[in-house]
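J.: If you scroll down you'll find the structure; I have some questions about it.
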Amino acid sequence: MKVIPALTLVFFIACSSPKPEIPVQEKDFCASIHRNDSLSLSKALQPIADSMQTKSGVYVLEDGGGSLVARAWLAEYAEKTIDIQYFIFSPDNVGLIASDYLVRAADRGVKVRLLVDDVMVDAGVHEILTLDSHENIDIRIYNPGVNLGKNIISKIKKFSTDFRGANQRMHNKTFIVDGKVCITGGRNIADEYFDYDHEYNFRDRDVLLLGKVNEDINRSFEDFWTNALSIPVTDLVSEEEASYADTARFDRLHQYACNPENFWPQVRDRIQNLHKAFQTLQSNLVWLEDVQFVSDVPGKNSSTGLSGGGVSTDTLISLIKKAKTSIDIQSPYLVTSDLGKKLFKEAVDRGVTVRILTNSMASTDNMEAFSGYQRDRKKLLQTGVKIFEFRPDAKERFEVMTGALQEKLNYTPIFGLHAKSMVIDGKITVIGTFNLDPRSANLNTECVTVIRSNKVANEVLRGMELEFGTDNSWETTLTFNPDSVASKGKRAKTWSAKMIPKNIL
């Protein structure tokens, strides 16, 4: 067991190497870009204001480009607050563009609060502190001690003396604007979640939520923000002789985001014209009285071991136990416990058809998690569950990936599954951050949205059915799996990862 902290530490260090500073732009790219001051979020929501008082509006965001545009437009026309909670907020192309939108909102007087988990912070200290230095931007780090501002010795000490605490991460993902609108689901803030990466992108899913359900979402954010585990970034790191009085300190960021090489004009045009599309979106909203947002509490649970569960785990178990005809699941990582296999077998035995789509070895980004799945794959199949593994060359990537990227490249990047969704009996849809693995069940805080609507379920199932098809996945059986399609390097990494116990995957 002593080897595990070291392996985990190497993984975390590899993920948290500081990125280079924002490059200097050669000319003024922002001169022709202007915000439409006649627009505002409250004006856009006025036609549905009455419905938002008593019901929740639901709109599923399937493609990465649309989900990016929605976030950008909401930030552009926010009036009071933007509250953001993410596991990953990367300083890559998308992350820098997102930061630019936040700074511009803050310049208008919008109060921005950003809560990010410590383990995946990979921006430089200067960049983080500069962003936090804005009078209307406040950044906090969740459960620090394993990354930001720490050296290798202190990291080793943390994993050696508090292994459970070091592995309790905040996996929640919410983007809340004016307390009225929220986007939540599988996507973090990084290129690959919005089809912007040139090598590898995720098939993911978010949901846009308006109205009454936001009361619970706002409450959850406040619980995390005010919790003792959430520490102001200025309490963790500092810069000697740093001065943040320069009023032009964000100019380089603005120019980077305005540069068409970094943020394509056709995508910016979609954002500027979204207010027109928003009217169509409103007509496609599904208004419901029963939308449930479920979030684990900070710290997850008080168990002393690596188990213990949480409210998100309990919610999913309850839904599976009550299923009558079908359970359709998408999870990028599939590492089942004895309890999980028992739940699925009981469902199959009472006549429920259970189908799960997960990543193949060729499409996954996480060889450690795949090794855990590979060890248990036969046992899971023996419960009667049908398993499908995502293809890295899935045909649907031509449909759900941003068109702008495909126009820019003469090839299509590898596609991996990252959506975390479940449909029960064709009636209940779950969209959230929860992976089917022990880490989500017992260590990470997670959030899920439970939507009881035949219409929403049918829309999500329509996409799932395509992804279960042969153009997008392989069906894995007791006599066939697609492991041989993966590269020799991936196969070697999967084999070496088998020394890691499944209960921390």
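Numbering of the sequence shown is given in the numbering used here, commencing with residue 27 and proceeding in unit increments.
From the three backbone atoms N, C-alpha and C, an ideal C-beta is built for every residue, glycine too.
Predicted, not measured: the structure shown is a model, and the values here were computed from it.
#1: Exposed or buried, which one is ILE567 when buried takes at least 16 other CB atoms within 10 Å?
#2: Helix, strand or coil for LEU462, going by three-state DSSP, please let me know.
#3: Determine contact between the stretch 382–390 and the stretch 441–450, defined as no fewer than three beta-carbon pairs at a distance below 8 Å.
#4: Pull up the distance between the alpha-carbon of THR362 and that of ILE382, whole angstroms please.
#5: Within the continuous alpha helix (DSSP H) that includes TRP290, where are the two ends?
#6: Whose CA, out of ASN299, ASP148 and GLY335, lies closest to the CA of VAL95?
#7: Is the beta carbon of LYS206 closer than 9 Å to that of LEU67?
#8: For SER264, verify whether its CB is less than 8 Å away from any heavy atom of the ligand MN.
#9: What number of angstroms, rounded off, separates the C-alpha of VAL142 from the C-alpha of GLU161?
#10: Taking buried to mean at least 16 other C-beta atoms within 10 Å of its own C-beta, is GLU52 buried or exposed?
#11: For VAL474, which three-state DSSP category applies?
#12: Could you give the distance in angstroms between the alpha-carbon of ILE526 and the alpha-carbon of LEU469?
#13: Can you list, in chain order, the residues of its chain with a C-beta nearer than 7 Å to that of PRO117? Leave out the 5 residues immediately preceding and following it.
#14: Would you verify that the beta carbon of SER466 is, or is not, closer than 9 Å to some beta carbon of chain B?
#15: Answer yes or no: do LEU462 and ILE355 have a C-beta to C-beta separation smaller than 9 Å?
#16: Give every residue of the same chain whose Cβ lies closer than 6 Å to the Cβ of THR502, excluding the five residues on either side of it in the sequence, and list them in chain order.
#17: Do you know how far the Cα of VAL84 is from the Cα of ALA483?
#18: For MET448, list the residues DSSP reports as bridge partners.
#19: Thinking C-alpha only, which one of ILE353, GLY331 and VAL337 is nearest GLU472?
#20: So, with DSSP's three-state summary, where would you put CYS284?
#21: Strictly by DSSP, which residues pair up with TYR112?
#22: Can you tell me the Cα-Cα spacing of TYR219 and ASP164, whole angstroms?
T.: Reading off the structure:
#1: Nothing about residue 567 can be reported from this structure: the residues present for the chain run from 27 to 531 only.
#2: strand
#3: yes
#4: 12 Å
#5: No alpha helix (DSSP H) holds TRP290; DSSP gives it neither H nor E.
#6: ASN299
#7: yes
#8: For the ligand MN, the structure offers nothing, since it holds no ligand at all.
#9: 19 Å
#10: exposed
#11: strand
#12: 16 Å
#13: LYS45, ASP148, ALA149 and GLU153
#14: Among the chains of the structure shown, chain B does not appear; only one protein chain is present.
#15: yes
#16: ILE413 and GLU415
#17: 11 Å
#18: ILE355 and VAL456
#19: VAL337
#20: helix
#21: VAL142
#22: 24 Å
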